[in-house]
Amino acid sequence: MTTPGDYAIIAVLIVTAISICAGIMVATHIIGPKRHGRVKDMPYESGVDPVHDARQRFNVRFYLVAVLFLVFDVEIIFLYPWAVLFPSLDQPEAASAYAGTVGDLANLGYTNGFFLASIGIFFTLLTIGFIYEWRKGIFRWD
Amino acid sequence: MLAATELPWVTLFATIPFWPLLGAVIVAILIANRQSPERAHAPVIGGAAISAVLSIVMFFTIWGQAPAADGTHAAADGPVPAALVSEGDHAGEHGDAHGDGHAVVKKDFSKIGTTYTLYNWISLGDAQSLKGAEGGQWLAFNFFFDGLTGMMMLFVTVVSTMVVIYASGYMRDHHMHPEPGYERFFAFLGMFVFSMAMLVMAGNFVLLYLGWELVGLCSYLLIGFYYGKPSAADAAKKAFIVNRIGDFGFALGIFALYMFISPLAQPGENPLDYATVFKYADHLATHEYAGMSQATLVSLLLMCGAIGKSAQFPLYVWLPDAMEGPTPVSALIHAATMVTAGIYMIARCGPIFAASETALMTVAVLGVIGALLTAMMAMAQYDMKRILAYSTISQLAYMFVGLGVGAPDSAVFHVFTHAWFKALLFLCAGSVMHSMGNIIDLRHFSGLRTVMPQTRTLMLIGCLALAGVFPFSGFWSKDEIVHAAVYQSPVLGGLLMLVAGMTAYYTFRMYFLCFHGPTRTPPEAGEHPHEAPPVMLRPLYVLAAGAVLTGFMGVTFSFSLSESVFGIFNPHGFFHDYLGNSTMVPGPHHAGGIWVAYASLALAIGGIGLAYVRYGHAPQEDPDQAALGPLFSLMHHKFYVDEIYDAVFVRPLRRLGDLCFGVDRGGIDGLVWLVAAVPRGLGGLFRLGHRGALQGYALSMVLGLAVIMMIWQLAG
Amino acid sequence: MLAALSQPISLTAVLPELLLVAGGCVAMLVGLSNRASLRERTPWVALAALILGLVFARLGTGPGADGIIQIQSGLAFDNLADYVRLSTLVLGIVILLVAWLDPSDDERGEFFAMLLFSLTGLMLVGPAANLLILFLAIEVVSIPTYVMVIISRRDRRSIESGTKYFYLGALSAAMTAYGFSFLYGVAGSATLDAAAIERVTEALGSPGTLPHALATIGILVSITGLLFKIAAVPLHWYVADVYQGASSPVAGMLGFVPKFAGVVAIMKIVSLTGWNTVDGGLFWMLWLAAALSMTVGNVLALRQNSIKRMLAFSGVAHAGYMLLGIMAGPGHDSLVGDGTAAVLFYVVVYGIANLGAFALLGLLQVRGAPAETVDDVTGLLRRYPGLALLMALSMLALMGLPPTTGFWGKMSLFGSGLTRAAQAGENANWVIALVVIAAVNSAIGAAYYLRVIAAVLLAEKDETAEPAPREAQYMGAMMCGFLTLVFTFYPTILLGAGFNASLNMRDQAVGFMASERPAPPELADAADEAHAEQAAVPPF
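Quick look at the structure:
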């Protein structure tokens, strides 16, 4: 059972943290020299003079492209291991070399037909998504 | 001799109550669509007529299922049906509590009647019914069919149909245009018939209660039909409230029954079904609760309901006021529906009442008091409908006595015959009223025998039946009750005979004042008062036939001077055999005693003769008023019972109500205001948190999680 | 564990779910067609998928068909799964009807696809027997609803509310996932089986140890995250804004689909404690969440003039009642003794009544805009008695007036709470207090429901709302009324089904409750049979 007293140390920690922060800020404010100038007050932007406000609007299509990229990227992540494993899936002996994973699956009775069907479904779903994007006009840059 | 557990066509019969309801619904739809009310009577008449036809079929079907003839009353000398086991024969050996030769015919209730379940309505919470498995206990929506059901349904539906047909003529003005509210009236009538049929056919106490309350509601709506008239609105409220007082006891009785029966009921037996309750009625008789036997407690509580609904002393006061409704409603309430419900219920619960001497005695004593009191009141009234109303109470009191002295079949017989002739009398009074321009006070007209000859003949038949003159139906049924009462207690019997004489007297006082003497009509009747239209007269002939003939249903022919009236008519017949197949528990039949019939017949004729001597010429001045003086005034003012109730109950209650209202205004309303204001205030406070800012919401959610973790720390 | 996850899948077991997914895909494509007449057929595709799903769910492989619970790949098809699946499909059809004309022409495909995907997720929450599957299923329920809120209306408010809903939903999902990870650590496996229950209860039973802390944090954090789905305090903040921003049919859907998923998921997590809900942190958390949800929900609903916001806050209150039932837990073989059965009943009847109210709001138009405030529906009885009575019926059911569905639900919930109090030991009085709070709250709740009923039935107004000519929506509203009436007069069908559905949870609760109730002999037999059925299936 903990008692509220056990938390005193946390309170001490918080107080210490806040006072150190505040102390440093106050100290710099007091100690630091303050010299203003046009160049000194400019925002730092990799050594280049800033041309305009950084908070400008970007075309929303940038986001769409990013999302599309993500989708097809993830697709590759699924496809790659599948492609590597597929040839060995109808040979349980060879498959058993992959200890514990594919070998077990093969022993459980999965056939390569099953795996083909699985990736087929995966592709179908992706294709439906692709058709959807196409029909919605996401690929048009008017 | 077969146990009547399977009734043919029972599914068809189970639809009987719903036809009038269907008619009412159709009328309601017509109203909603703002159709002309001209044909509004048709659906309800149709519905009631279908019910009546089905009820007649049901009547004969149940007859075919009944135990063989010589049922209940043959215990002494005939073969005993399988369903009946007489204990009375062995009363001496057992020396049991029934005592004084009051042999109770014990029936095997599992073999009587058919329970037909439409569907299982409410689970009583046991696991079996929750799973929908076999053997669950339910509050079922079920109907019960036995001889009593068949008999009651027969007259309820047929008499109701006649009344509805009559009303389609009555509820019109002189040009045969429907009165305002015509369609509303018929919708209510349909619902009324439906409610009564539900009440009679119910297979368990809750459904009985449902019908019971529906009847009360419909009577409220119909008595207050002319709601613009303050007296009608008051009468409707009075009827409803007085009924509620009785119903309170009735509800308690049902609760008590559930409390006593539910521990006994086996899986699959619904604790409030008649079949279950009557099976365990013996248990109620032998176990005690609150210082009396359970049977006594339940019976007395149920009796409260019957007193209210059947307008018995001391709760009869609503019935005379109920005259404020249109006359067909009065006929319906007095004859076929409503007031017969209490008698029916006590007869139905025979096994419970028979198990309690106390309850039976209370029923009988209340009955005699009511009969005497209201007969005296009826003697000093001038309003035709009021006289008939008091006579109804008085006749119902006869039935109560019949129930109380162990002759429930005679009581039901009297209910049956009474339904016909009382409906006839009321509808005749309605015809007179209709013709006299809504004047019903006997002092304002006389000598109508020339104006309304047909009505006069019909009324005479009704009056003879009510007075109990041989061979009209009232004679047979009333005589049976008097007969049974005499054997129970000579005092009871003597008082009932006295009332029989008074009944004949006041009935014919009314008849002579109305139809004899010089022809006088009130100005409201117009220049040429006329006979009622055929649509009103035709149902009256049907009812008149019932008033003449139904008495013979309780009669067999046997040629023995000592056993039979006039050596021919043995007053135990088909009716009693038919009712042998029911849950009623009649006491032993006492052979002989034919002198009772002669005596009451003599009293009836004596009463009529006296009435003729005093009122035969329809005198302008009431001779009784002069002769009786203050007593007449007392009777005319109904012994000031209404005023006494007003002073003793109503006004103190109203004052208590005022007090409560003050407390309510000052105290409770303040509290309620607080209850309303505090959440509102809190709501305003909480609403501050709902400003719609996403970050704020997210922060609050995380803080909530933090609070939960803190609680864990504190609790752990 | 991988092997356990990957046993050969009999696709027939999830045929109804697959049909819904396929239907969703087809609906999406049909909605993109060039031909307007074809696009208008989109809801028919969804309807066909739902009806086919219902047919196969009845023909198919639930425990009703062959009496064996099928356990595959983290799915356990027991009575609970069957209950969830059937009620989802039936309610899904009603939701579809109500939302028939809701989306605009160019977004029909997405809308109905999302609806079907969300329902699929709900149907998978029922059989989920693995933390991962459970989490995925909940997210499959939730994510489509975010989209539906946004596309249900064409104005800024719906976008705003949908975005809010999305961010807050993501936050709650993070909490849930975080909690699940602790549970996984304690149980040593993601599978929600007897072994996991044993390990978690053991950990909870040894205070002061690290497993105890981990288990408690896991339970509390995951349930807190799930409170978002049922819109209970303290995760209720989104509810009014989202309901108001969404169109009425979608708001009606939000009252059922996520709530149902959340309730079932919470039950599955509470099962891990062996239903030891009446002591320790779990007790106080459920107690406070229930009490606060009822009170805050009702109190806030009192102040609303918009019926949509009112129903949203009343949904918070109803979540509180449901938490009371969850605290009561399973374990008593009677109408008023089984909290889980009561909750399962209540969530469905609440969903129906709520959906009915929203369907009518969506149907009624005031000067071209959907009705929203109490004033908009005032005096409806004169012009449209049928609609007015339906509205009144829904409100009465929500209010819990006897003998409506809401009454049966509350009676079972409160009754089970009182039954549970008998076993709550030192916390008994607190449990009773919670029931009292719930009863008081029902009374407060009646106030604002009655306000709507009075406005609809009693008040007069010259210019009333007009129903839009939408037959499907009308039919959906009628079906809500019809179902409410059916369950009003025959509550035992659904209560009995809920009772059967909580069979497994009753077994999980055996350690804490069974010893205190001697089962009637015939019931013990039934329970034995159920055990035998489960024993016939290899452990998953």
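Residue numbers (numbering that gives the first Met the number 0), protein chains in the order written: chain A, 0 to 141; chain B, 0 to 715; chain C, 0 to 539. Positions of the beta carbon are idealized from the N, C-alpha and C atoms, including for glycine. Quick caveat: nothing in here was measured; it's all calculated off a predicted structure.
Taking a beta-carbon distance threshold of 8 Å, I130/A counts as an interface residue toward chain C.
Contact between M535/B and S430/B holds, with the beta-carbon distance rounding to 6 Å and staying under 8 Å. Using a Cβ-Cβ cut-off of 8 Å, R455/B is close to nothing in chain C; its nearest Cβ partner there is about 49 Å away. Annotation: K135/A to D104/C spans about 13 Å, alpha carbon to alpha carbon.
The continuous stretches of beta strand (DSSP E) do not include Q303/C, and DSSP gives it neither H nor E. Annotation note: the region 322-408 of chain C contains the following uninterrupted beta strand (DSSP E) runs of length 3 or greater, listed N- to C-terminal: 363-365. Residue contact check for I19/A against chain C: no CB pair falls below 8 Å. Of all residues in the region 429-452 of chain C, the ones placed with a Cβ closer than 8 Å to any Cβ belonging to chain B are I443 and A446, in chain order. Assigned with DSSP and collapsed to three states, A423/C falls in coil, not helix or strand. The shortest C-alpha to C-alpha distance from R537/B to any of A646/B, W62/B and M161/B is the one to M161/B. The C-beta distance from H40/B to F185/B rounds to 5 Å, short enough to fall under 8 Å. DSSP places V59/A in the coil class of the three-state scheme, outside both helix and strand. In terms of beta-carbon proximity, T339/C stays away from the interface with chain B, with every pair separated by 8 Å or more.
Closest in alpha carbon position to G592/B, among V155/B, H482/B, V547/B and F568/B, is H482/B.
Setting aside the 5 residues that flank it on each side, V434/C is surrounded in the same chain by L323, F413, G416, L417 and A420, each with a C-beta closer than 8 Å to its C-beta; the list follows chain order.
Going by C-alpha positions, G91/C is about 34 Å away from F68/A.
Neighbours of M394/C across chain A, judged by C-beta separation under 8 Å, do not exist; the nearest C-beta is about 40 Å away.
Per DSSP, the beta-bridge partners of P466/C are L363/C. With a cutoff of 8 Å on beta-carbon distance, L191/C and K267/C are scored as near each other. The straight-line gap separating the alpha-carbon atoms of G500/B and P407/B is approximately 23 Å. Beta-bridge pairing by DSSP links P177/B to R171/B.
For the pair G184/C and I150/C, the Cα-to-Cα distance works out to about 40 Å. The DSSP-derived three-state label of R519/B is strand.
Within chain C, the residues whose beta carbon sits less than 7 Å from that of S699/B are P233 and W236, listed in sequence order. Along the length of the region 630-704 of chain B, whole alpha helix (DSSP H) runs at least 4 residues long occupy 640-644, 650-662 and 668-686, reported in chain order. Think of a sphere of 8 Å around the beta carbon of Y166/C: the chain B residues whose beta carbon falls inside it are L693 and A697, in chain order. Within the region 576-614 of chain B, there are no complete beta strand (DSSP E) runs of at least 3 residues. Residue range T113 to S122 is occupied by the beta strand (DSSP E) that includes L117/B. Against chain A, the CB of M284/C has no partner CB under 8 Å away; the residue lies outside that interface. Annotation for N499/C: the continuous alpha helix (DSSP H) segment containing it runs P490 to A500. Taking all protein chains in view, the Cβ of T361/B is crowded by 16 or more other Cβ atoms within 10 Å, so the residue is classified as buried. Closest option to V640/B, judged by alpha-carbon separation, among R183/B, L314/B and L300/B: L314/B. In the three-state reduction of the DSSP assignment, L100/C falls in the coil class.
Using a Cβ-Cβ distance cut-off of 8 Å, the region 223-243 of chain B and the region 316-335 of chain B are in contact, since at least three pairs of beta carbons, one from each stretch, lie closer than that value. Listed as beta-bridge partners of M291/B by DSSP are Y288/B. For M147/C, no Cβ of chain A is located within less than 8 Å of the residue's own Cβ.
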